[in-house]
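To start, the structure under review is shown below, and the notes come after it.
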Amino acid sequence: MTKDLSPSSARRNAPTLDPCGQNGPAFAAGNAAFRRHQMGRLLHRIGALLPGWLDGQELIRESRQMEQRCWRELGYAKQPIFDGDLPAFLMVDGDGHPCDLSVPSEPVKLAARMANLAPSSSPTPSSIGTNLDTLARLLNLTPFEFQWLLWSCTIRRFGRAILPVVPLRDATHGCDVLALLCEMPVDAVRDAVASRRLHTWGVLDGIGSDGAMPPLLSGWLSATDQFSEWIEQPYDSDTDLLIALCQAQVSLPVSR
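Basically this note's numbering = 1-based index in the sequence shown + 466.
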């Protein structure tokens with residue numbers, strides 16, 4: 467079972483919004499574009515909500531990380547360098563001149579800018595999008611379950627370190643946070659989390675051996691490796707898609 471990242475490790479080496487396609491050339495580009503689009507939507511949404519979830523130094527730290535991660539979408543000419551980002555010997559250029567440092571935006575102002583970012587254009591058709599739509603129909607997924615699954619499989623490919631470190635006090639708090647993030651009724655979120663059918667089907671990961679949910683938001687948005695692999699493949703029929711789901715389920719560790 468995948469373990470969640472600690473706050474310290476989650477902040478290190480956060481990836482950029484440029485994953486490589488994992489499949490053949492016929493559909494890898496569509497899948498990669500789909501993932502980038504969804505990851506951008508998710509980061510913009512989280513960035514807008516951070517002041518409601520964090521405060522003090524934690525808010526300052528994660529807002530700063532978010533500003534550097536989404537610098538293109540924010541309209542910056544280059545990724546900003548803030549004081550303390552680099553060791554002293556890298557704070558000068560080849561001629562010995564000090565590097566230009568940027569001043570981090572105030573978290574509340576940055577959140578407002580993130581909330582007002584124009585959404586990127588819809589991605590080209592992809593196997594991921596087609597398969598998720600089909601799966602939602604075949605399994606009668608609720609709107610929240612669909613969104614939960616969509617963002618979870620997106621994050622699996624980027625790595626959880628791309629997300630801000632948002633601690634969750636307990637399951638109730640986690641459901642409240644997910645409801646805000648997905649803009650869904652909190653009762654719908656609680657029902658989906660309580661049913662645990664997405665975990666039982668082998669598409670979501672993260673529940674501990676004692677049945678407890680992870681302590682960080684990133685752990686609640688965690689698709690299994692099996693699901694992330696087969697959801698990106700093209701299928702000739704609905705039956706083939708369901709067979710892949712069954713195969714992913716039976717390949718789960720015995721501990722599940």
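For every residue, glycine included, the Cβ atom is placed at its ideal position computed from N, Cα and C.
For A637, the enclosing alpha helix (DSSP H) has its first and last residue at A637 to C648. Boundaries of the alpha helix (DSSP H) around T596: S593 to L605. Of the residues F548, L540 and W667, the one whose Cα lies closest to the Cα of L583 is L540.
It is roughly 15 Å from the alpha-carbon of T666 to the alpha-carbon of D657.
When the beta-carbon positions are compared, F610 and A654 come within less than 8 Å of each other. If you check the CB distance, L515 and L646 come in under 8 Å. In this structure, the beta-carbon distance from V652 to C641 falls below 8 Å.
Bridge pairing for A689: L670 [DSSP].
Counting other Cβ atoms within 10 Å of its Cβ, S618 reaches 16 or more and is therefore classed as buried.
Distance from the CA of R527 to the CA of N597, rounded to the nearest whole angstrom, comes to 37 Å. A straight line joining the alpha-carbon of P700 with that of P570 spans about 43 Å.
Minimum Cα-Cα distance from I628 among the listed residues F693, H510, Y542 and A495 corresponds to H510. Look at P573 here: in three-state DSSP terms it is helix. In the structure shown, P517 falls within a helical segment according to DSSP collapsed to helix, strand and coil. Across the structure, S688 and R622 are spaced so that their CA atoms are roughly 6 Å apart. F500 places its beta carbon less than 8 Å from that of G595. The alpha-carbon separation between T600 and D551 amounts to approximately 44 Å. In the displayed model, S568 falls within a strand according to three-state DSSP. Only residues of its own chain outside the window of five on either side were considered, and among them T600 and L604 have a CB closer than 8 Å to the CB of D704, listed in chain order. Per DSSP, the beta-bridge partners of F548 are S568.
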